[in-house]
Structure formats: structure tokens, C-alpha cells
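Student: Attaching a single structure in C-alpha cells format; questions to follow.
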Amino acid sequence: MKRIVALFTFVIPIAGLSFNEVVEVKPLSFKLMIEQEGEDPQGYPNKTDEQGMKQGMWTIWGHMKPEKGYPEKGKIEEGPYKDNRKNGEWIKYHKDGKTPRLIGVYENNRPNGAYKKYYENGGIMEEGTFSGGKQKEVFKRYHENGNVAQEKTFNADGKEDGKVAYYFEDGTPEFVFTKKDGVTVGTGTRYYPNGDVKEIITYNDDGSVAKTEQKDRVNPPKGQVADETAGGGGPSGTAGKTKNGEKFNRDGYNKLYNSDDELWMDGQFKSGKLWEGKLYKYDSDGILLKIEIWKNGKYHSDGQL
């Protein structure tokens, strides 16, 4: 916040003197106005003290930091300062200048206390607690649909300690293991999206992998019922789109695209079903989540993204 102080100097002509001989009376000054950066009835005072340090509640607006790319009248962040340093609860906003992306507590300009991060749709993205510059206690991250994506616990030293779990978007466990003072111990289990066990990993005391055991999927893939896979074969490609005027080959090679024009299936088909090839899976924003490898009409493994 800048204070603009107008200083007025009066030049007074004295009787008996010519205009080339004047008596300058100074200093006679007064404060004309104070310009508050971000001045707005819905904002905070944005005051500084005599030393120019920020004090009290502040709103940082887009026009104050144009390099951030926010709307001129959009909020970048707001919260309390003490001696030019953040102290207390602050709210930081997404680029629209309206939607909170972070609400957290600061102490002496550092995160210290509970915080929450938010998606642009207002849903919680992440929540946890900082103390002494370290993550502490329970930490959770969420998928955009609100389901938990990851959860773990940190000990007093800021190290992961206890159960650690990752989840698919529908809430099904994806990978579950245990940490002790930051080191992976015991066994960890990976799961297929349908809930079947995919892999069991045994760890040494130092956190290195002692052995792994791969498991075949037992039940039908997620989103398919048993009769769809009867006789073998992956998902049907009849709903897919081809390009360049090509027709869908029920018994042969196809490269198929979904309704958003994203590559969906690529490989050999039998009776209209994927038999040898790749199945591409995306989230609601079109981000590629995984690639399934199909062999002999059965799911084989996940491919590399």
C-alpha cells in the first residue's frame, strides 16, 4: 500500500516588495489524501505503518500484481499481516479471482496449522496440518468427485507413519502399504480397479523390496458384467469411431476413438471385441489415466503412460 502525501508550499508576496523579491514561508504542509491500493468496499484497508510495513487485514488484487495473470479486480489473496509478514488465516484464490484455492494459517510468513486446498469447482483437493515447516498428523487428498484419492499420517518429526492408502476415483483401494518413521515396512498390496488383488509386495526392514508376487485378475474388469467377457475378448468396439472413412472391422485390426475424439482402442478384434491390443482410459477432463494391455482376449497388464 502506498501513501501519497501532497506537500503544499505557499509563496506569499509581502507589501512593499516587488514580485521578484518574495518571502518564502515554509514548511507549511498537510496531508491531502491517502491512496489505498486495492481500495474497494468489499476489500480490507491495506494499511501500512510509519515504517511502510503492512499491518492488519489486506486484500491483494489483480491490478497490484499484473504478472500473476488475475483479473484486475479479482482477488489474489487476503489475510492479516503483522510487520510485513503473514500471520493468521489467509485465503488464496484461483485465477478467476473469486474461487478459493487455499485456506490456511500462517505464522511469521510460514504455513503453521490446518489448511485446505480446493478445486476450481469448490470441492476439497487436499487437507492437512503444517507445524514447524513440516507436514503433521492426518493428510488427505481427494479426487475431483469428492472421493478420497490418498490418505496417510505423519508423526511429530514430519515423517509418514502408519497406513498409507491410494484409491481409484470410485473409492476402490489401488495401493495400500505401511510406513514406519518414513520407511516402507511389511507388505503392500496393489489392486485392480475391480477390487481383485494385483500384486503383493514384501519389503525389507530398510524399505527395499524383498519380493513381489503378481496376481491375475479373477473377476470381470470394472464396468463390465460377466456375460460381456464370456468366451473371451475385451470391451466391444461397436461404440467407437474410426477415421478416414474406414469401417469398423469386427474381425481384424481397428484404431477406435471415443466421442471426444480421443484414442480409445488400438488392436486386433474378434467378434467386435478387443482381442490383442490397448485400451485407453480417461477421466472426465480428458486426461489419460491408464492404458490396459489385452492379450488373447483377456486383460494382461497396465501399459506405460
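Note that the numbering used here has the sequence shown beginning at 25, numbered continuously upward. Quick reminder that beta carbons are idealized off the backbone N, C-alpha and C, glycines included.
I'd like to know whether the C-beta atoms of Glu150 and Thr123 end up nearer to each other than 9 angstroms.
Tutor: As a position in the sequence shown, residue 150 is number 126, starting the count at 1. As a position in the sequence shown, residue 123 is number 99, starting the count at 1. No; because the gap between Cβ atoms is not below 9 angstroms, this pair is not in contact.
Student: On the premise that Lys106 lies in contact with Gln75, defined as a C-beta separation below 8 angstroms, what is that separation, rounded to the nearest angstrom?
Tutor: The sequence position of residue 75 within the sequence shown is 51, counting from 1. The sequence position of residue 106 within the sequence shown is 82, counting from 1. That belief does not hold up - the Cβ atoms of Gln75 and Lys106 are roughly 13 angstroms apart, past 8 angstroms.
Student: Kindly indicate if chain C contains any beta-carbon less than 9 angstroms away from that of Val242.
Tutor: Of the protein chains in the structure, only one exists, and it is not chain C.
Student: For Met149, which three-state DSSP category applies?
Tutor: By one-based count along the sequence shown, residue 149 stands at place 125. Met149 falls in the strand class under three-state DSSP.
Student: Which word fits Ala173, buried or exposed, when buried means at least 16 other C-beta atoms lie within 10 angstroms of its C-beta?
Tutor: One-based indexing of the sequence shown puts residue 173 at position 149. By the neighbour-count rule (16 or more Cβ atoms within 10 Å), Ala173 is buried.
Student: Which of helix, strand or coil does DSSP assign to Lys164?
Tutor: Within the sequence shown, numbered from 1, the residue matching residue 164 stands at position 140. Looking at Lys164 - three-state DSSP - the assignment turns out to be strand.
Student: Considering only residues of the same chain and omitting the five flanking positions on each side of Thr262, which have a CB-CB separation below 6 angstroms?
Tutor: For the purposes of this step, residue 262 is taken as residue 238 along the sequence shown, with counting starting at 1. The answer, listed in chain order, is Gly296.
Student: Output the distance between the C-alpha atoms of Thr226 and His167, rounded to the nearest integer angstrom.
Tutor: For the purposes of this step, residue 226 is identified with residue 202 of the sequence shown, where counting begins at 1. For the purposes of this step, residue 167 is identified with residue 143 of the sequence shown, where counting begins at 1. Using only the alpha carbons, I get a separation of about 28 angstroms.
Student: If you reduce the DSSP assignment to three classes, tell me which class Lys89 lands in.
Tutor: Taking the sequence shown and counting its residues from 1, the one referred to as residue 89 is at position 65. Taken through DSSP and simplified to helix, strand or coil, Lys89 comes out as coil.
Student: Ends of the beta strand (DSSP E) at Thr202?
Tutor: Within the sequence shown, numbered from 1, the residue matching residue 202 stands at position 178. Counting along the chain, the beta strand (DSSP E) containing Thr202 begins and ends at Pro197 to Lys204.
Student: Report all residues from its chain with a CB closer than 6 angstroms to the CB of Val188; omit the five preceding and five following residues, and keep chain order.
Tutor: Mapped onto the sequence shown, residue 188 falls at position 164. Excluding positions up to five away in sequence, the list reads Lys176, Phe201 and Lys203.
Student: Using only the alpha-carbon positions, how far apart do Lys119 and Glu96 sit?
Tutor: For the purposes of this step, residue 119 is taken as residue 95 along the sequence shown, with counting starting at 1. For the purposes of this step, residue 96 is taken as residue 72 along the sequence shown, with counting starting at 1. C-alpha separation (whole angstroms): 11 angstroms.
Student: At which residues does the beta strand (DSSP E) containing Arg134 begin and terminate?
Tutor: Position 110 of the sequence shown, counted from the first residue, corresponds to residue 134. Note, Arg134: beta strand (DSSP E), Arg134 to Tyr142.
Student: Helix, strand or coil: how does DSSP classify Arg109 here?
Tutor: Working through the sequence shown from its first residue, we reach residue 109 at position 85. In the three-state DSSP reduction, Arg109 falls in the strand class (E or B).
Student: Quick check: the Cα distance between Val249 and Arg134, rounded to an integer number of angstroms?
Tutor: Within the sequence shown, residue 249 is the residue found at index 225, counting from 1. Within the sequence shown, residue 134 is the residue found at index 110, counting from 1. Confidence in Val249 is poor, its pLDDT being 47 and thus under 50, which makes the residue's placement too unreliable to answer from.
Student: Please list the terminal residues of the continuous beta strand (DSSP E) segment that includes Ile315.
Tutor: Numbered from 1 along the sequence shown, position 291 holds the residue referred to as residue 315. First-last of the beta strand (DSSP E) with Ile315: Leu312 to Lys319.
Student: DSSP puts Ile115 in a beta bridge; with which residues?
Tutor: Reading the sequence shown from its first residue, position 91 is the one you call residue 115. According to DSSP, which records beta bridges pairwise, Ile115 is partnered with Glu102 and Ile127.
Student: Would you mind reading off the limits of the beta strand (DSSP E) that contains Lys267?
Tutor: As a first step, residue 267 is located in the sequence shown; it is residue number 243 there, counting from the start. Unbroken run through Lys267: none, as it is neither H nor E.
Student: DSSP on Glu193, reduced to helix/strand/coil?
Tutor: Counting from one through the sequence shown, the residue named residue 193 turns up at place 169. Coil, per DSSP.
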